[in-house]
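Taking it in order: structure first as structure tokens, then the write-up.
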Amino acid sequence: MVDLAALTDDVLAEILLRVPSPRDLGRASASCCSFRRVISDPHFLRRFVALHAAPPLGVFCCYPALGGGVGGSQFHAALPSHPSGALARALDTSADFCFNFLPPATSDWLVRDCRDGRFLLDRVRDGSTAFTEVAICDPLFRRYRLLPPIPNDLAASVENPYVQRGGDGQLQSRSSEIFLVSRSDDSVSEEDTAFTVIWMACCRGKLVAFFYSSESQQWSALSPPEHYALSTRRVMGVRLGQRNHAHGCFYWMVALTHRWLVLDTHRMEFSIVDISPVLTGRAMMFSNQITTLESSDGRTTVVVSDVFRPDRRCILYFYTFLYFSDRWQLLNKITLPEEWGYRFRGIIGAAEGYLFIKLDDPKENLNDQIERHVEYFSLDVKTMQLGSFCRTTLFTVTDAYLYCGFPPSLSLPSI
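Take 1079 as the starting number for the sequence shown in my numbering and just add one per residue.
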């Protein structure tokens, strides 16, 4: 039998890097002082994060201002029965998801995106709902960084941008869309605090986009594609707030068409993709009826929700694109439980081979203010098994972000 005391820290690190999940690593850290010493080393944590996907820990919900009040946001941790339940509770008790560490007033800030444990927020500046003050922050370590304003020479190309969210002229109205780019696996280093932010706006007849790099500390312009789907008649239908992501690419449905606007963040290039083969014959009333899923072989799986059916059932279709034959292939389909037909409200995200589905409250609870709730379920793509993930009493939600990250014991500052 091997004596653990005889193993060097380097050897222990190589062994612990092969622990299959953050949950198991947390247990290992609590079981032995030698393990805890190695695991708490920043260099080890950087390597572990690079090799393992961050587990889903909960859902972050934003709710609107109702009755003249102030809107807000709230983190809902995974249920105790979920495999990530213990990690989610540790995060919930340690992080400041009210963002009280941001410059006052806290109520002015609006959450715009959540990715890799970081949050992107903004607030109206000088009365503009397009050129807002933007902050990227780490709620676990209570750190933030304010982004510089977009330079005047770039901003001059933005003319009368269409409202992307809100529209009531109040603090939650926005005429631009901003979001974070995911960190690639090969970007993890000893000082992995670099980030990229995308800013986009739809104007009459054109799409305008910029990106900010923390490494260059400046804003740069992106060239949108020239395509009739983004013509004067169509461009105001690009639903920038309803975006999907997989393998470094972002996807938006172009309204009134069966096409995607795609942004490849590796090349920082836009393109238009025809997805009509997977939508033909299906009523697409909401943009969250279609989502993307990362497959282990590097391909992107497209999931289409067929909701508005005569039998009132909900069926999920799984497709992949075969580049060598320029066609779509149906991989699988699953019929969700019958009672979900009227409760299904879309897919909010995907992680670790799971889809996360939002369900409205059961009909029998609609008139009971105490029992009313919204549920989020996980669907294992391989086994097609459904499981309860979390629930919230926030019945009116404007945005719901799947939060994936590491617990406090396995985290390092990202800002």
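Even glycine gets a Cβ: it sits at the ideal position worked out from N, Cα and C.
Counted within 10 angstroms of its Cβ, other Cβ atoms place residue i as buried (16 or more) or exposed
| i | result |
| --- | --- |
| T1171 | exposed |
| A1183 | exposed |
| L1224 | exposed |
| V1189 | buried |
| N1322 | buried |
| M1072 | Residue 1072 falls outside the range modelled here, since the chain spans only 1079 to 1493, and no answer is possible. |
| S1159 | exposed |
| R1311 | Bear in mind that a pLDDT of 46 at R1311, under 50, signals an unreliable position, so the number given afterwards is only what the model happens to contain. When all chains shown are included, R1311 counts as exposed. |
| S1162 | buried |
| H1069 | Nothing in the structure corresponds to residue 1069, since the chain is present only between 1079 and 1493. |
| S1088 | Here residue 1088 turns out to be Asp, not Ser, going by the sequence shown. Exposed, because fewer than 16 other Cβ atoms sit within 10 Å of the Cβ of D1088. |
| T1207 | buried |
| L1457 | buried |
| A1279 | buried |
| S1151 | buried |
| Q1072 | Coverage of the chain is limited to positions 1079 through 1493, which leaves residue 1072 absent and any answer about it impossible. |
| C1111 | exposed |
| D1375 | exposed |
| Q1407 | exposed |
| G1104 | buried |
| R1252 | buried |
| P1239 | buried |
| L1129 | exposed |
| G1359 | exposed |
| L1437 | buried |
| S1185 | exposed |
| L1400 | exposed |
| S1254 | buried |
| G1205 | exposed |
| D1477 | buried |
| S1107 | buried |
Collapsed DSSP secondary structure at residue i in the structure displayed
| i | result |
| --- | --- |
| E1211 | strand |
| I1353 | coil |
| R1220 | coil |
| C1280 | strand |
| G1424 | strand |
| S1301 | coil |
| A1106 | helix |
| N1322 | strand |
| V1116 | helix |
| W1418 | helix |
| F1122 | helix |
| R1312 | A caution first: R1312 carries a pLDDT of 48, below 50, which makes its placement in the model unreliable, though a value can still be read off. DSSP places R1312 in coil when its eight states are reduced to three. |
| E1430 | coil |
| C1392 | coil |
| S1365 | helix |
| N1410 | strand |
| L1129 | helix |
| V1089 | helix |
| R1377 | coil |
| R1521 | No answer is possible for residue 1521: the residues shown for the chain start at 1079 and end at 1493. |
| R1101 | helix |
| L1339 | strand |
| D1200 | strand |
| S1456 | strand |
| T1184 | helix |
| D1231 | helix |
| S1466 | strand |
| S1254 | coil |
| L1094 | helix |
Expected contact under 8 Å - CB spacing of residue i and residue j to nearest Å
| i | j | result |
| --- | --- | --- |
| T1369 | I1412 | Between I1412 and T1369 the Cβ distance is about 14 Å, and since that is not below 8 Å, they are no contact. |
| I1214 | I1493 | 6 Å |
| D1439 | V1452 | 6 Å |
| C1140 | V1475 | 7 Å |
| R1201 | E1211 | 5 Å |
| L1495 | L1258 | Beyond the ends of the chain as shown, which are 1079 and 1493, falls residue 1495; an answer cannot be given. |
| P1485 | P1098 | Not quite, the Cβ-Cβ distance comes to about 16 Å (not below 8 Å), so this is no contact. |
| L1218 | S1489 | 6 Å |
| W1330 | V1351 | About 11 Å separates the two Cβ atoms, so there is no contact after all. |
| T1291 | T1271 | The question names Thr, but residue 1291 is Ser in the sequence shown. Contact doesn't hold; Cβ gap of about 13 Å is too wide. |
| V1137 | Y1479 | 7 Å |
| R1469 | Y1454 | 7 Å |
| Q1320 | P1142 | No, Q1320 and P1142 are not in contact; Cβ-Cβ is about 17 Å, not under 8 Å. |
| T1379 | L1414 | Actually they are not in contact, since the Cβ atoms of T1379 and L1414 sit about 17 Å apart, beyond 8 Å. |
Inset, instruction - Determine contact between the region 1284–1291 and the region 1387–1399, defined as no fewer than three beta-carbon pairs at a distance below 8 Å. - result: Result no; under three Cβ-Cβ pairs closer than 8 Å.
Legend entry - Three-pair Cβ contact test at 8 Å for the region 1117–1136 versus the region 1424–1438: Under the 8 Å Cβ criterion, the region 1117–1136 counts as touching the region 1424–1438, having at least three qualifying pairs.
Legend entry - Start-end ranges of the beta strand (DSSP E) lying completely within the region 1132–1175, minimum 3 residues: For secondary structure counted as the beta strand (DSSP E) over 3 or more consecutive residues, the region 1132–1175 holds these complete runs in sequence order: 1134–1141 and 1150–1155.
Inset, instruction - Check whether the region 1344–1351 touches the region 1288–1303, counting contact only when three or more Cβ pairs, one atom from each stretch, lie closer than 8 Å. - result: Of all C-beta pairs linking the region 1344–1351 to the region 1288–1303, three or more are shorter than 8 Å, placing the two stretches in contact.
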